[in-house]
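These notes concern the structure reproduced below.
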Amino acid sequence: MSTTRKKTDASLAKAFEELEKIVAEFETGDIDLEKGIPRFKQGLELAAGLKKRLRELENEIEEIRSRSIEE
Amino acid sequence: MQNPIFSVSEFNEMLNFHLAQLGEVVVEGEISRIDVSRGQWLFITIKDEYAAVDVFGVAFQLSGWRALEEGMKVHVYGVASIHQRSGKFSIRAERIVPAGEGAMKIAFERLRSQLEKEGIFDISRKRETPRFPQHIGLVTAKGSQAYNDFIKVLKHRMGGMHIYFSAVSVQGVDAVDAICAALVELNKRDLDVIIVCRGGGSMEDLAAFNDEKVVRAIFASRAPVMTGVGHEGDVTLADMVADVRASTPSNAAELLVQERAALIQEVDSYCEQLYRTICQQIIKKSHHVEYAQTILAHKLQQTIIHMHQTIELFLKISNSMYRQKIREKMGNIEQLERLLTSFDPAHVLKRGFTITRNELGQLVRSISPAGSQLQTIVTDGTIYSHVHHTKKN
Chain C
1 MSTTRKKTDA
11 SLAKAFEELE
21 KIVAEFETGD
31 IDLEKGIPRF
41 KQGLELAAGL
51 KKRLRELENE
61 IEEIRSRSIE
71 E
Chain P
1 MQNPIFSVSE
11 FNEMLNFHLA
21 QLGEVVVEGE
31 ISRIDVSRGQ
41 WLFITIKDEY
51 AAVDVFGVAF
61 QLSGWRALEE
71 GMKVHVYGVA
81 SIHQRSGKFS
91 IRAERIVPAG
101 EGAMKIAFER
111 LRSQLEKEGI
121 FDISRKRETP
131 RFPQHIGLVT
141 AKGSQAYNDF
151 IKVLKHRMGG
161 MHIYFSAVSV
171 QGVDAVDAIC
181 AALVELNKRD
191 LDVIIVCRGG
201 GSMEDLAAFN
211 DEKVVRAIFA
221 SRAPVMTGVG
231 HEGDVTLADM
241 VADVRASTPS
251 NAAELLVQER
261 AALIQEVDSY
271 CEQLYRTICQ
281 QIIKKSHHVE
291 YAQTILAHKL
301 QQTIIHMHQT
311 IELFLKISNS
321 MYRQKIREKM
331 GNIEQLERLL
341 TSFDPAHVLK
351 RGFTITRNEL
361 GQLVRSISPA
371 GSQLQTIVTD
381 GTIYSHVHHT
391 KKN
């Protein structure tokens with residue numbers, strides 16, 4: 001479970017970074033529409049994924065015990 | 001009955017046996033003497049107004065012993081014992097903690113200054129917590145206000161995270177070891193950050209967070225540590241060594257994660273920016289196309305006009321040339337007509353010439369034999385004649 005979660009989590013930060021990168025590319029000005037439209041589409045997909053993830057409400061809480069406490 | 005006779009060894013052993021029955025004792029007193037032998041053994045004397053007692057301790061077992069100084073009021077936790085060889089009585093200390101606000105403040109300052117010299121609080125070694133922490137370690141007391149505040153504020157701000165909660169005592173004799181053990185245990189996992197928090201309290205309540213062992217455990221943590229101890233104004237040594245210091249447990253949650261609404265708004269504004277830019281680009285490009293169309297139409301129109309002009313000019317030129325040619329041809333025709341007219345036999349006859357044919361209708365170009373019949377055409381008719389005789393030139 002932890003591996004799967006880690007992948008998802010990594011993609012959250014990465015998706016944000018990628019979206020910011022796309023916006024920065026667009027902000028610099030001259031966009032080649034032929035390349036720009038697929039990037040635009042990719043940006044919207046990332047945004048949709050991020051919003052879905054950000055709408056998650058619950059946090060998972062796992063209680064762990066350290067050895068000296070049990071002793 | 002005669003009193004039993006003990007050897008010195010037996011006597012000391014017997015005393016130790018009886019003293020052990022006391023179990024752990026806590027004695028409050030003011031330090032009147034403190035000697036450290038080879039940096040390993042502590043020989044302390046504590047006193048009150050009427051009496052004094054010696055305390056013995058092993059340095060590495062006594063957390064924060066460096067903060068102790070003469071004149072400081074302390075609580076000594078330990079067992080009473082007689083030293084077997086010398087017969088000296090002392091309390092074998094397991095913990096020595098400053099007692100009272102004044103002593104605690106002095107101990108706090110001494111320890112802070114020592115740790116500062118070691119570079120433990122250096123800003124340069126502070127690590128940032130990730131922007132999107134997903135695996136969070138939490139060290140606090142179970143069911144405490146600090147736990148509830150942190151979890152509540154965190155949930156309000158962001159979901160989908162995994163919290164590894166290690167329940168510890170945050171004050172009292174077990175607190176230091178429990179907090180240290182929790183940090184060691186949590187660091188076995190791959191965590192983005194560890195939060196160490198508790199609610200407010202007196203300096204004594206917060207003592208564990210000013211303990212050298214806890215400070216060093218935070219310093220050694222593999223994952224960045226964020227503290228949220230006490231109320232707004234409380235600053236502990238744990239806060240100073242932590243990578244990030246939050247003022248309260250709620251503030252720790254606030255500093256740790258951004259609010260989901262703000263993030264969603266940020267994502268929305270990114271989308272808007274993308275839309276705006278792509279639309280601007282499309283409008284810009286379509287303007288280019290329109291401009292190109294206009295230019296093209298203009299060029300086309302100019303070309304058409306030019307062609308019209310050329311055709312007209314051509315027609316004009318060709319017309320005049322044609323007329324000239326016609327005139328020339330007409331001149332030729334008239335000339336030919338005149339020539340042809342000149343060849344008309346009628347005209348010849350009018351000038352006095354005649355045409356003579358024999359009986360066969362052939363033109364007579366030489367003298368005909370006598371007796372032949374001839375027909376001579378003149379301008380107004382035909383003369384039939386009979387050759388009487390001929391004479392050659």
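Chains as they are written, first to last, in UniProt numbering: chain C, 1 to 71; chain P, 1 to 393. Note that the Cβ used here is the ideal one computed from N, Cα and C, for glycine as well. Keep in mind that this is a model prediction, so the values were computed, not measured.
By the Cβ test, the region 252-270 of chain P is not in contact with the region 230-241 of chain P, since fewer than three Cβ pairs between them sit closer than 8 Å. Judged by DSSP in its simplified three-state form, P/S81 adopts strand. Interface residue (Cβ-Cβ distance to chain P less than 9 Å): C/K51 is classified as such. A distance below 8 Å between beta-carbons, with the five flanking residues on each side excluded, links P/M72 to the following residues of its chain, in chain order: E30, I31, P98, A103, I106 and A107.
Runs of the alpha helix (DSSP H) lying entirely within the region 132-203 of chain P, each at least 4 residues long, are 145-157 and 175-186 in chain order. Taking the C-beta atoms as reference points, P/V184 is found no nearer than 9 Å to P/A175. Under DSSP, P/L300 takes part in no beta bridge, so it has no partner. DSSP places P/A252 inside the alpha helix (DSSP H), whose first and last residues are P249 to L256. Against chain C, the beta carbon of P/P130 has neighbours under 8 Å at A13, listed in chain order.
Among the CB atoms of chain C, one or more fall inside 9 Å of the CB of P/E185. Sequence-ordered contacts of the region 60-83 of chain P with chain C are nonexistent [C-beta pairs closer than 7 Å]. Our two residues, P/S9 and P/G23, have alpha carbons roughly 22 Å apart in a direct line. As the crow flies, the alpha-carbon of P/T45 is around 10 Å from that of P/A51. Of the residues C/L50, C/K14 and C/P38, the one whose Cα lies closest to the Cα of P/A262 is C/L50. Under the three-state reduction of DSSP, P/M240 is assigned to helix. If you compare the alpha carbons of P/L19, P/E359 and P/E259 with that of P/K155, the shortest gap goes to P/E259. At a cut-off of 9 Å, the C-beta of P/G159 has a neighbouring C-beta in chain C. Taken through DSSP and simplified to helix, strand or coil, P/D54 comes out as strand. By the criterion of a C-beta distance shorter than 6 Å, P/K126 is surrounded in its chain by D243, once the five residues flanking it on both sides are discounted. At a Cβ-Cβ threshold of 9 Å, P/S90 and P/D54 count as neighbours.
With 16 or more other Cβ atoms inside 10 Å of its own Cβ, P/N210 counts as buried. Within the same chain, and ignoring the five residues on either side of P/R33 in sequence, the residues whose Cβ sits closer than 6 Å to its Cβ are T45.
The beta carbon of P/G100 sits closer than 6 Å to the beta carbons of K73 from its chain, once the five residues preceding and following it are set aside; these are given in chain order.
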